[in-house]
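Visitor:
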Amino acid sequence: MAVSRAASEAPGEEVNAWRPRVPGVTEVFHAHFTEYAYPMHVHDAWTLLIVDDGAVRYDLDRHEHGTPLDTVSLLPPHVPHNGSPATPGGFRKRVVYLDSSRLGEELIGAAVDGPDLRDPVLRRRVGQLHSALARPGDELEAESRLTLVGERLRDHLRRRTDPPRPGRDPRLARRLRELLDARLVDGVALAEAAALLHAHPAHLVRAFSGAYGIAPHQYLMSRRVGRARRLLLDGLPPGEVAALTGFYDQAHLSRHFRKLVGVPPGRYRRGARRGA
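Residue numbers (UniProt numbering): 1 to 276.
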């Protein structure tokens, strides 16, 4: 289990992150933020969020939402969101990032329509999951608890339908997203993407932004930062991580990493260790 503990720049703010040896869990992220606000970004994993103190407000698919103490928020992959404190004292949150093996893509639309789940049983189960994930050697318990959490989440999402969204070009947007994913490290110029996808550059940007609520370059940077987080948890130094994730140099990585995560990569990695 790789662990990173870092104090952020603002007094009283703290970030703890690790990747347990539990199938389906890509990262566990605990944070206390008093002033920091996340800009629009995406993850390539499902974001399962609970708040232990204060409250979080965020925008998802152009709609405002919030996570108070009694709520579990489930944010789907590849859908832009931001986040900021909704209370004067900030917020303390716990997040589990889940890969698609736990929740399928067919549930994304339902999660976009209703990400905030007020379910005391689910809230309690997610808290128990975090307790198990924090204890090395209790991976079987964590996986068992994750199975129960996943079952409860699917029950919520399958009750809903995904309404059609007219006025967009989802096929073109999806093809650009696939291209950006494939060229995550090397990148792709807008003119080249337009030529490859047989679309005018302006239409390409409009289609992508209209479908996902985020510009193509913002999507690419947030995906790179997501990969950088995983490599830092593996123990790689920031300079090497920058080269492996498509950033121009370490300073380029640091600027975007701090913007999206709240701390620079060196602090995120500080104290990282490898465990059994």
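Think of the CB as a built atom: it goes at the ideal place given N, C-alpha and C, for glycine as much as any other residue.
#1: Around the C-beta of G114, are 16 or more other C-beta atoms found within 10 angstroms, so that it is buried, or is it exposed?
#2: If you draw a straight line from the alpha carbon of W18 to that of F29, how long is it in whole angstroms?
#3: With DSSP as the reference, please indicate the residues paired to D116 in a beta bridge.
#4: Compare the C-alpha of A134 against each of P20, D59, F257 and name the closest.
#5: Going by the DSSP bridge assignment, what does G90 pair with across the sheet?
#6: Would you grab the beta carbon distance between V112 and L60 for me? Rounded to a whole angstrom, and I think it's under 8 Å.
#7: Considering A63, what are the terminal residues of the alpha helix (DSSP H) in which it resides?
#8: Output the boundary residues of the beta strand (DSSP E) element that contains Y58.
#9: On the premise that L233 lies in contact with E64, defined as a C-beta separation below 8 Å, what is that separation, rounded to the nearest angstrom?
#10: According to the Cβ coordinates, are residue 277 and P264 closer than 9 Å?
#11: Which residues bound the beta strand (DSSP E) around G104?
#12: Look up L48 in the DSSP assignment and say whether it is helix, strand or coil.
#13: Which residue marks the beginning of the beta strand (DSSP E) containing P85, and which one marks its end?
#14: Within its chain, find whatever has a CB closer than 6 Å to the CB of D53; leave out the 5 residues flanking it on each side and keep chain order.
#15: Fully enclosed by the region 199-231, which alpha helix (DSSP H) runs are 4 residues long or longer?
#16: Over what stretch of residues does the alpha helix (DSSP H) that includes H43 continue unbroken?
#17: Could you tell me the alpha carbon to alpha carbon distance between A86 and G137, rounded to whole angstroms?
#18: Using only the alpha-carbon positions, how far apart do G89 and P216 sit?
#19: Within this structure, are the beta carbons of D116 and V79 separated by less than 9 Å?
#20: Rounding to the nearest angstrom, what Cα-Cα distance links S100 and A199 in this structure?
#21: For D234, does the three-state DSSP call read helix, strand or coil?
#22: In whole angstroms, give me the CA-to-CA distance for L197 and M40.
#23: In the DSSP assignment, the alpha helix (DSSP H) including L253 goes from what residue to what residue?
Guide: Put simply:
#1: G114 comes out exposed.
#2: About 7 Å.
#3: S73.
#4: The shortest Cα separation from A134 among P20, D59, F257 belongs to P20.
#5: DSSP lists no partner for G90.
#6: At roughly 7 Å, the Cβ-Cβ gap stays under 8 Å, so V112 and L60 are in contact.
#7: The question names Ala, but residue 63 is His in the sequence shown. Counting along the chain, H63 falls outside any alpha helix (DSSP H), though it belongs to the beta strand (DSSP E) covering 63-67.
#8: Counted as a single uninterrupted DSSP element, the beta strand (DSSP E) harbouring Y58 occupies residues 56-60.
#9: The beta-carbon separation of E64 and L233, rounded to 31 Å, does not stay under the 8 Å limit for a contact.
#10: In the structure as shown, the chain starts at 1 and stops at 276, and residue 277 therefore has no counterpart that could be examined.
#11: Here G104 belongs to no beta strand (DSSP E), and DSSP marks it neither H nor E.
#12: L48 falls in the strand class under three-state DSSP.
#13: Judged by DSSP secondary structure, P85 falls within the beta strand (DSSP E) whose first and last residues are 81-85.
#14: The residues are R92.
#15: Listed in chain order, the alpha helix (DSSP H) elements of length 4 or more contained wholly in the region 199-231 are 201-212.
#16: It is not in any alpha helix (DSSP H) - H43 carries neither H nor E in the DSSP assignment.
#17: Approximately 36 Å, taken between the alpha carbons.
#18: Between the alpha carbons of G89 and P216 lies a gap of roughly 34 Å.
#19: No, they are not a contact pair.
#20: It is roughly 30 Å from the alpha-carbon of S100 to the alpha-carbon of A199.
#21: Assigned with DSSP and collapsed to three states, D234 falls in coil, not helix or strand.
#22: Computed Cα separation, rounded: 25 Å.
#23: Segment 250-261, the alpha helix (DSSP H) holding L253.
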